[in-house]
Amino acid sequence: KLLKILEMNLNSKVVYKKKANLPGFHIFTSKSIFRYPIASFHRDLQYNSLNWNSQCDNTKIISFTVPIYLPKDQSGLYIFNYSGDNILKAMNSEKDKYKYTIGKLYIHNGLNWHIIAPTFIDKGEYRITLQGHGLKCNDIWYIYW
Numbered sequence: 687k688l689l690k691i692l693e694m695n696l697n698s699k700v701v702y703k704k705k706a707n708l709p710g711f712h713i714f715t716s717k718s719i720f721r722y723p724i725a726s727f728h729r730d731l732q733y734n735s736l737n738w739n740s741q742c743d744n745t746k747i748i749s750f751t752v753p754i755y756l757p758k759d760q761s762g763l764y765i766f767n768y769s770g771d772n773i774l775k776a777m778n779s780e781k782d783k784y785k786y787t788i789g790k791l792y793i794h795n796g797l798n799w800h801i802i803a804p805t806f807i808d809k810g811e812y813r814i815t816l817q818g819h820g821l822k823c824n825d826i827w828y829i830y831w
């Protein structure tokens with residue numbers, strides 16, 4: 687199902703990358719610490735640790751999230767309008783918050799700095815998302831974790 691939905695959204699063939707981890711789940715439980723911005727402030731550069739052929743374009747990258755279960759409090763992602771190497775410049779750049787909705791697919795380029803938005807997860811609640819990345823080679827998106 688994931689590959690078909692990604693194909694519809696990317697207008698291109700999508701396959702899992704061989705010899706790479708499959709997309710995976712982030713599962714957060716009810717701990718008060720998640721109400722603070724404790725997640726790593728990062729760019730998705732995992733593609734650098736995988737082997738790619740010469741037809742791959744390392745500017746054609748995606749990261750995606752599908753929320754499966756969300757707490758009552760708003761969950762989402764902050765994406766900063768900066769993709770360079772200067773983390774201080776990134777932290778001080780403008781940012782947009784993308785509020786998650788269960789079952790909706792969220793795709794971004796992964797190269798801009800981003801961080802999971804803080805959220806309060808009450809006892810008995812969870813924040814569960816399916817996440818992965820992709821790189822385009824020869825008009826095919828290769829999906830991995």
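Residue 745 in my numbering sits at position 59 of the sequence shown; the count goes up by one each step and never skips.
Ideal placement from N, C-alpha and C gives every residue a C-beta, glycine not left out.
Coarse secondary structure for residue i, derived from DSSP in three states
{"i": "ILE788", "result": "coil"}
{"i": "ASN772", "result": "coil"}
{"i": "LYS705", "result": "coil"}
{"i": "ILE719", "result": "helix"}
{"i": "LEU688", "result": "helix"}
{"i": "LEU696", "result": "helix"}
{"i": "ASN744", "result": "strand"}
{"i": "SER735", "result": "helix"}
Opposing strand residues paired with residue i [DSSP bridges]
{"i": "ILE724", "result": "None, per the DSSP bridge assignment."}
{"i": "ARG813", "result": "PHE714"}
{"i": "ASP782", "result": "ILE765"}
{"i": "ILE793", "result": "PHE750"}
{"i": "LYS758", "result": "Answer by DSSP bridge pairing: none, since LYS758 is not bridged."}
{"i": "TRP831", "result": "None; TRP831 has no bridge partner."}
{"i": "ILE807", "result": "Answer by DSSP bridge pairing: none, since ILE807 is not bridged."}
C-beta contact flag for residue i and residue j at 8 angstroms
{"i": "THR815", "j": "THR715", "result": "no"}
{"i": "TYR830", "j": "ALA706", "result": "yes"}
{"i": "LYS822", "j": "LYS699", "result": "no"}
{"i": "PRO804", "j": "PRO753", "result": "no"}
{"i": "LEU756", "j": "LYS703", "result": "no"}
Proximity test, residue i beta-carbon vs the ligand ADP heavy atom, cut-off 7 angstroms
{"i": "LYS746", "result": "As far as ligands go, the structure on display features none, and thus does not contain the ligand ADP."}
Status (buried if at least 16 other CB within 10 Å, exposed otherwise) for residue i
{"i": "SER740", "result": "exposed"}
{"i": "SER761", "result": "buried"}
{"i": "PHE711", "result": "exposed"}
{"i": "ASP825", "result": "exposed"}
{"i": "ASN772", "result": "exposed"}
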